[in-house]
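Okay, so here's the structure we're looking at.
2 protein chains.
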Amino acid sequence: MAAITGPEIERLIQLLSKLPGLGPRSARRAVLQLIQKKETLLSPLAQAMADAVEKACICSTCGNADTQDPCTICRDRTRDPLTICVVEDVGDLWALERAGAHKGRYHVLGGVLSALDGVGPDDLNIGALIERVTKDSVKEVILAMNATVDGQTTAHYITDRLEGLDVSISRLAHGVPVGGELDYLDDGTLAAAMKSRRPF
Amino acid sequence: MAAITGPEIERLIQLLSKLPGLGPRSARRAVLQLIQKKETLLSPLAQAMADAVEKACICSTCGNADTQDPCTICRDRTRDPLTICVVEDVGDLWALERAGAHKGRYHVLGGVLSALDGVGPDDLNIGALIERVTKDSVKEVILAMNATVDGQTTAHYITDRLEGLDVSISRLAHGVPVGGELDYLDDGTLAAAMKSRRPF
Chain A
1 MAAITGPEIE
11 RLIQLLSKLP
21 GLGPRSARRA
31 VLQLIQKKET
41 LLSPLAQAMA
51 DAVEKACICS
61 TCGNADTQDP
71 CTICRDRTRD
81 PLTICVVEDV
91 GDLWALERAG
101 AHKGRYHVLG
111 GVLSALDGVG
121 PDDLNIGALI
131 ERVTKDSVKE
141 VILAMNATVD
151 GQTTAHYITD
161 RLEGLDVSIS
171 RLAHGVPVGG
181 ELDYLDDGTL
191 AAAMKSRRPF
Chain F
201 MAAITGPEIE
211 RLIQLLSKLP
221 GLGPRSARRA
231 VLQLIQKKET
241 LLSPLAQAMA
251 DAVEKACICS
261 TCGNADTQDP
271 CTICRDRTRD
281 PLTICVVEDV
291 GDLWALERAG
301 AHKGRYHVLG
311 GVLSALDGVG
321 PDDLNIGALI
331 ERVTKDSVKE
341 VILAMNATVD
351 GQTTAHYITD
361 RLEGLDVSIS
371 RLAHGVPVGG
381 ELDYLDDGTL
391 AAAMKSRRPF
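Quick look at the structure:
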């Protein structure tokens, strides 16, 4: 196919289409929007990307994505440093923060153990977690992995590794999602919700 | 909510979420991906955006988005300058180009007439089309508007405006999409396909 448009625009489409949630077609639509709103959207976005290239980094303590290292959360002295919530990835950390569900620190594993995908303990940020727990005399580790087989396998593995250290280990509760309807829930969730029922 | 991450990252998420096809949640996922692939994705994308800011422009002849004015298509001397295909927007132009369906030039209207949205003839690139047809002695105008009510209204309006000029006017054929199944087609398309049937 002959070139429809300039190489710079083709390249922008090609790169944007690599983002999760965008394919070639939606990337083209996005780029057209960007060019048509050059002053109000394309220019600010180009500037924001340049800023991010310069400043974005991964916190060397917890693995959060931020523009400073240690990150905003690790620097926050009002947060309990003795409670660490372990999550699979930064997206999960942000989700818990948006919910305001945790007032301690975090630890991002960077994935889960997976025999199928060939992910072993050394590929994850587990060693650093054990070191943090030991060095900082952490009191509680909250395992907030996804409720998938791989997530729970990883949780069990971390529990094994933490054995012998003076730290309590907890996990997120399983149950009916708030606002959820029983009729739409899977059997496993319903069984878990029934088993962990609380006094009313 | 307290800041989870740095202001530069927040701003990047906010701007990306304005792209068509991305919302706040997918923009966050995209930004996390970008930060984690800083060297291979974020940096090249930032550079591509900066290039696009500098070079992207709208062709003053036909309205195509390109990095030069006149655009690649208007500059291409192998393309027939006497056949102009009129489209609603640049995305439609690119779609026809990908299909290799047209060997002439284009004219982008920048929308369609719409009483509901308050879009009148002066809001569209119609005057420039009439001028091109007159000045360049164009032989054929192909109306390739979408097969919507507004698209067809616009096509009729342009036909009226071109009346009296020595130019033949055509429109895209209606019919069964190639690879389409009759059972899934709407009545209007089936009726149009039957009415415009061709000898086998």
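Residue numbers (my numbering), protein chains in the order written: chain A, 1 to 200; chain F, 201 to 400. Cβ atoms here follow ideal geometry from the backbone N, Cα and C, with glycine treated the same way. Computed from a predicted model, the values in this text were never measured in an experiment.
Paired residues, beta bridge with residue i - DSSP
i       : result
I369(F) : V341(F)
D66(A)  : C57(A)
V87(A)  : V108(A)
S114(A) : V119(A)
Partner residues on chain A for residue i, Cβ-Cβ distance less than 8 Å
i       : result
D323(F) : The premise fails here: D323(F) is roughly 14 Å from chain A at the closest Cβ pair, so nothing lies under 8 Å.
Q268(F) : G6
L309(F) : What L309(F) touches in chain A: nothing, since even the nearest Cβ is about 13 Å away.
L215(F) : L41, P44, L45 and A48
K238(F) : V53 and A56
Length of the line joining the Cα atoms of residue i and residue j
i       : j       : result
S217(F) : A191(A) : 38 Å
V349(F) : D51(A)  : 45 Å
G379(F) : E239(F) : 42 Å
G23(A)  : L15(A)  : 10 Å
L406(F) : M345(F) : Shown here, chain F extends from 201 to 400; a query on residue 406(F) therefore has no answer.
V338(F) : V367(F) : 6 Å
G175(A) : L185(A) : 10 Å
S76(A)  : P207(F) : First, the amino acid is wrong: residue 76(A) is Asp here, not Ser. The straight-line gap from Cα to Cα measures roughly 16 Å.
S114(A) : D89(A)  : 15 Å
A295(F) : Q236(F) : 33 Å
E297(F) : K335(F) : 25 Å
L245(F) : K195(A) : 50 Å
D122(A) : E131(A) : 14 Å
I158(A) : D69(A)  : 25 Å
H302(F) : I213(F) : 39 Å
L329(F) : L234(F) : 42 Å
V216(A) : A27(A)  : There is no way to answer for residue 216(A), as the model of chain A reaches only from 1 to 200.
G100(A) : A48(A)  : 27 Å
L19(A)  : I4(A)   : 23 Å
G364(F) : V333(F) : 12 Å
G110(A) : L93(A)  : 11 Å
G318(F) : Q352(F) : 17 Å
R211(F) : T354(F) : 39 Å
N64(A)  : T72(A)  : 9 Å
I9(A)   : G304(F) : 22 Å
D387(F) : P377(F) : 14 Å
D266(F) : L382(F) : 39 Å
Chain-ordered chain F contacts of residue i [CB-CB under 7 Å]
i       : result
T159(A) : Ordered by position in chain F, no residue passes the 7 Å Cβ test against T159(A), which lies about 27 Å from the chain.
R11(A)  : A248
Backbone secondary structure at residue i - three-state DSSP
i       : result
L282(F) : strand
G351(F) : helix
G304(F) : strand
V319(F) : strand
S17(A)  : coil
S43(A)  : helix
G388(F) : helix
T5(A)   : coil
P177(A) : coil
R198(A) : coil
D360(F) : helix
A299(F) : coil
R132(A) : helix
K238(F) : helix
G223(F) : coil
C71(A)  : coil
L324(F) : coil
R228(F) : helix
R277(F) : coil
Chain-ordered neighbours of residue i on chain A, where CB pairs are closer than 9 Å
i       : result
N264(F) : I4 and T5
M345(F) : The premise fails here: M345(F) is roughly 17 Å from chain A at the closest Cβ pair, so nothing lies under 9 Å.
P365(F) : According to the sequence shown, residue 365(F) is Leu rather than Pro. Ordered by position in chain A, no residue passes the 9 Å Cβ test against L365(F), which lies about 29 Å from the chain.
L242(F) : M49, A52, V53 and A56
Contact list for residue i against chain A, beta-carbon separation under 7 Å
i       : result
V312(F) : Result: empty, since nearest Cβ-Cβ is about 16 Å, beyond 7 Å.
D251(F) : E8
L219(F) : A30 and Q33
The ligand MG heavy atom lying under 8 Å from the CB of residue i
i       : result
N146(A) : Questions concerning the ligand MG fall outside what the structure shown contains, since it holds no ligand whatsoever.
Partners in chain F for residue i, counting only beta-carbon separations shorter than 8 Å
i      : result
R28(A) : G291 and W294
Chain C residues whose Cβ lies nearer than 7 Å to that of residue i
i      : result
E97(A) : The chain labelled as chain C is not found among the protein chains of the depicted structure, namely A and F.
Chain F contact residues for residue i, given Cβ-Cβ distances below 9 Å
i      : result
L22(A) : L219, G221, L222, S226 and A230
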